[in-house]
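Shown next, in structure tokens, is the structure this report addresses.
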Amino acid sequence: PLASGEYSPAMGVAIVSVFAAMSFGLGWVVGSPPLFWALFISFVLGTAYSVKLPYFRWKRFAVVAALCILGVRAVIVQLAFFLHIQTFVFRRPAVFSKPLIFATAFMTFFSVVIALFKDIPDIEGDRIFGIQSFSVRLGQSKVSSK
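Sequential numbering of the sequence shown, starting at 236, is according to the working numbering.
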């Protein structure tokens, strides 16, 4: 909606701000430190990935963008949800298990696929705005080839 002009940039900022405040509020109300920290770290990395400020808009750099995606999806979410269930819900000590290691490894692989394939449909927009995604740098056919 933002790119098409259906929403103005001010409307986009308002929507994102309201939902960010709501997510932090919900995280605070639940009272789970692992979930709150997951929200906070994901927000910081998502902001650094997206916001157009000096030293930020990390989506412009393919490797840094991939590391942000991998960090949030493969590491932060997996660890935070695990720690939330173990320490907050079940009130047990956090002992890292084989299923957690498997889930983290699987999501690491899956996140690499997401990082590679997410920009294929928008290669022209990335090119116009100077975003050096893997699709722009290597070409759509090389990124999507089997």
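Glycine is no exception: its CB is placed at the ideal position from the N, C-alpha and C atoms.
Touching by the beta-carbon criterion (3+ pairs, under 8 Å), the segment 362–375 and the segment 326–337: no
Cross-strand partners of Q367 (DSSP beta bridge): Here the question's residue 367 lines up with position 132 in the sequence shown. F296, per the DSSP bridge assignment.
Short Cβ contact (9 Å threshold) for A309 with T282: Here residue 309 refers to the residue found at position 74 of the sequence shown. Here residue 282 refers to the residue found at position 47 of the sequence shown. No.
Mapping DSSP to helix, strand and coil, what is K333? In the sequence shown, residue 333 corresponds to position 98, counting from 1. Looking at K333 - three-state DSSP - the assignment turns out to be helix.
Kindly list the residues whose CB is nearer than 8 Å to the CB of F337, restricted to its own chain and excluding five residues on each side of it in sequence; keep chain order. In the sequence shown, residue 337 corresponds to position 102, counting from 1. For F337, where only same-chain residues beyond five positions count, there are no Cβ hits under 8 Å.
Per-residue DSSP class, three states only, for M372: To locate residue 372, count along the sequence shown from 1; it is residue 137. Note on identity: in this sequence residue 372 is Arg, with Met being the wrong assignment. Correct three-state label for R372: helix.
Would you kindly check if the distance between the Cβ of R295 and the Cβ of G360 is under 9 Å? As a first step, residue 360 must be located in the sequence shown, where it is residue number 125. As a first step, residue 295 must be located in the sequence shown, where it is residue number 60. No, the Cβ-Cβ distance between G360 and R295 is not below 9 Å.
Pull up the distance between the alpha-carbon of F323 and that of V253, whole angstroms please. Reading the sequence shown from its first residue, position 88 is the one you call residue 323. Reading the sequence shown from its first residue, position 18 is the one you call residue 253. Using only the alpha carbons, I get a separation of about 27 Å.
Beta-carbon proximity list for L335, same chain, < 6 Å, skipping 5 on both sides: Indexing the sequence shown from 1 puts residue 335 at position 100. F317, listed in sequence order.
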